[in-house]
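Trainee:
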DNA sequence: TCAAAAGTGTTTGGTTTACACCCATGA
DNA sequence: TCATGGGTGTAAACCAAACACTTTTGA
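Chains as they are written, first to last, in this note's numbering: chain A, 34 to 279; chain B, 34 to 279.
Here it is as structure tokens:
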């Protein structure tokens with residue numbers, strides 16, 4: 034993998050908050066920077082003939098192996114101070130003879146996007162500036178590079194707000210899932226418990242689920258039903274918005 | 034007024050959708066480009082040591098004379114095609130010996146912001162690329178430069194969505210106003226009629242208004258009460274959000 | 001047969017909607 | 001005195017929140 038700044042727009046970067054859901058926890062995909070040892074959000078730059086969204090899809094594809102990811106820009110981070118102490122520059126300075134050092138020393142304005150992906154389908158791969166790429170649950174995230182903690186915080190807040198008027202599970206759940214599992218997702222995002230019965234009634238009222246047969250899994254209790262998303266209605270709900278608030 | 038690209042970030046611009054309310058109409062402040070004759074949104078560029086918001090405030094101050102304007106970024110417009118037919122470049126080509134032509138020929142990614150201002154306080158001033166700066170009501174807006182029609186459309190949609198969970202009147206109304214006037218503002222933004230009595234009950238339930246004495250104005254009907262915003266509660270409502278939906 | 005967790009339905013209270021009557025004002 | 005439009009209140013419909021009992025399952 035090579036890096037060619039001459040095909041990239043200057044001053045503009047993007048940072049992706051990639052959300053996944055696993056073991057009843059909301060997770061974020063992070064990369065570990067080679068030299069500074071800091072964790073950071075997967076990012077990217079914009080090629081001269083692509084949009085932010087295209088560039089982000091490209092970065093996501095590289096990091097996760099997935100295409101057609103749910104992706105949404107939510108905020109531009111442009112505080113002039115955000116780049117001043119960019120440890121990525123320090124990393125590069127430590128590399129012998131890095132020809133692109135000056136390019137990284139410029140000030141970057143970064144577009145924040147969040148992505149929703151199905152945890153099990155992701156095959157995390159580091160980029161050329163990092164040596165590790167892996168999932169971290171929200172409470173495992175320590176101090177991130179630059180203003181990335183702020184970016185995660187704002188992304189989560191946006192996601193919470195969207196939850197009230199947009200269906201989101203399709204991008205985060207496996208193809209088949211139970212109602213309690215879906216509820217856990219909502220509870221995790223919102224950071225609070227929901228009533229089991231009211232949750233079910235509400236989510237069913239959206240008509241975005243198909244009920245399948247029961248599942249027999251080996252737990253010492255009644256086996257919950259399996260559901261899948263009804264893509265047609267899900268799509269409509271995405272376009273028209275939902276009503277409620279959780 | 035001079036123009037010094039050497040102090041500006043390349044590739045990044047901003048466009049402001051400045052909303053005002055007058056004569057029961059929602060208006061947008063536009064500038065008329067000197068050479069192409071096209072109307073456009075007031076825009077700006079980002080200086081090397083300022084944030085997007087600061088740059089936008091600067092542009093707004095220049096265009097309207099106002100400081101401390103309500104301002105919110107809502108979307109980045111980065112389609113590579115948006116700049117290709119930039120008539121501003123054509124304008125500049127027609128100017129003899131414009132030294133900054135190449136600077137404008139670059140591709141721009143633009144951050145869209147919307148602003149809410151009190152119509153009567155604005156003193157519109159063109160920028161160096163335009164010869165007119167004036168208010169246009171939404172239905173008077175014809176074809177704008179580049180993708181500015183799209184930007185206006187998205188701004189309006191954002192404003193409509195915000196309406197449900199944020200108070201907005203303070204920035205658009207004069208210091209004192211009547212309930213029917215405030216209702217007109219909401220109706221205009223939403224593009225639909227609201228019930229007079231339910232509107233009043235709802236807006237009063239937010240506790241963001243102070244009721245003043247009646248007003249006597251010469252109309253052939255009962256004189257409506259005057260109200261003003263309760264700044265303390267208004268501020269709280271901004272931070273905590275409202276409940277409803279219209 | 002018991003604990004754990006899922007399925008289902010009902011009651012209650014609050015919010016939103018729809019609607020009607022009276023009052024003040026200038027013409 | 002009348003048309004216009006504002007002030008206020010109430011009944012009905014709807015929605016959300018709280019809550020209980022029954023069922024299934026593996027241990």
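Cβ atoms here follow ideal geometry from the backbone N, Cα and C, with glycine treated the same way.
All of these numbers come straight from a predicted model, not from anything done at the bench.
Secondary structure at residue 227 (chain A), three-state DSSP: helix, strand or coil?
Mentor: Collapsing the DSSP output to three states places residue 227 (chain A) in coil.
Trainee: Under a three-way DSSP split, which group does residue 43 (chain A) fall into?
Mentor: Note: residue 43 (chain A) maps to strand in three-state DSSP.
Trainee: At what residue ranges does the segment 73-145 of chain B contain a whole run of the alpha helix (DSSP H), taking only runs of 4 or more?
Mentor: 85-97, 120-127, 134-138
Trainee: Which two residues bound the contiguous beta strand (DSSP E) that contains residue 258 (chain B)?
Mentor: Boundaries of the beta strand (DSSP E) around residue 258 (chain B): 258-262.
Trainee: Taking C-beta pairs closer than 7 Å, name the residues in chain B that residue 112 (chain A) reaches, listed in chain order.
Mentor: 84
Trainee: Excluding the 5 residues flanking residue 73 (chain B) on each side, which residues of the same chain have their C-beta closer than 7 Å to its C-beta?
Mentor: 63, 64, 66, 177, 178, 181
Trainee: Hey, residue 266 (chain B) and residue 241 (chain B) are a contact pair by Cβ (cut 8 Å); roughly how many whole angstroms apart?
Mentor: 5 Å
Trainee: Beta strand (DSSP E) containing residue 61 (chain A): first to last residue?
Mentor: 58-66
Trainee: Would you list the one or two residues that DSSP bridges to residue 243 (chain B)?
Mentor: B:261
Trainee: Classify residue 167 (chain B) as helix, strand or coil using the three-state DSSP reduction.
Mentor: Correct three-state label for residue 167 (chain B): strand.
Trainee: Kindly list, in the order they appear in chain A, the residues whose Cβ is closer than 9 Å to that of residue 81 (chain B).
Mentor: Going along chain A in sequence order, the residues near residue 81 (chain B) (Cβ under 9 Å) are 113, 140.
Trainee: Quick one: is residue 44 (chain B) near chain A, going by C-beta distance under 9 Å?
Mentor: yes
Trainee: Do you know whose CA, among A:108, A:216, A:149, A:264, lies nearest residue 143 (chain A)'s CA?
Mentor: Ranked by how close their Cα comes to the Cα of residue 143 (chain A), the residues A:108, A:216, A:149, A:264 have A:108 in first place.
Trainee: Below 8 Å CB to CB, which residues in the same chain sit around residue 221 (chain B) once its five sequence neighbours on both sides are set aside?
Mentor: 54, 57, 58, 59
Trainee: Is the Cβ of residue 50 (chain B) closer than 9 Å to any Cβ of chain A?
Mentor: no
Trainee: Flag this pair as yes or no: are the beta carbons of residue 248 (chain A) and residue 262 (chain A) separated by less than 9 Å?
Mentor: no
Trainee: Would residue 270 (chain A) be called buried (16 or more neighbouring beta carbons within 10 Å of its own) or exposed?
Mentor: The residue is buried, with at least 16 neighbouring Cβ atoms inside 10 Å.
Trainee: For residue 172 (chain A), which of A:199, A:186, A:274 has the nearest alpha-carbon?
Mentor: A:186
Trainee: Roughly how many whole angstroms lie between the Cα atoms of residue 151 (chain B) and residue 154 (chain A)?
Mentor: 51 Å
Trainee: Indicate the three-state DSSP secondary structure (helix, strand or coil) for residue 150 (chain A) in the structure shown.
Mentor: coil
Trainee: Give the DSSP-derived three-state secondary structure of residue 232 (chain B) in the structure shown.
Mentor: helix
Trainee: Going by alpha carbons, who is nearest to residue 133 (chain B) out of B:87, B:41, B:217, B:236?
Mentor: B:41
Trainee: Taking only beta-carbon positions, decide if residue 91 (chain B) is within less than 9 Å of chain A.
Mentor: So no, residue 91 (chain B) is outside the interface.
Trainee: Report buried or exposed for residue 226 (chain B), applying the criterion of at least 16 other Cβ atoms within 10 angstroms of its Cβ.
Mentor: Under this definition residue 226 (chain B) is an exposed residue.
Trainee: Over what stretch of residues does the alpha helix (DSSP H) that includes residue 202 (chain A) continue unbroken?
Mentor: 202-205
Trainee: To the nearest angstrom, how far is it from the Cα of residue 208 (chain B) to the Cα of residue 113 (chain A)?
Mentor: 35 Å
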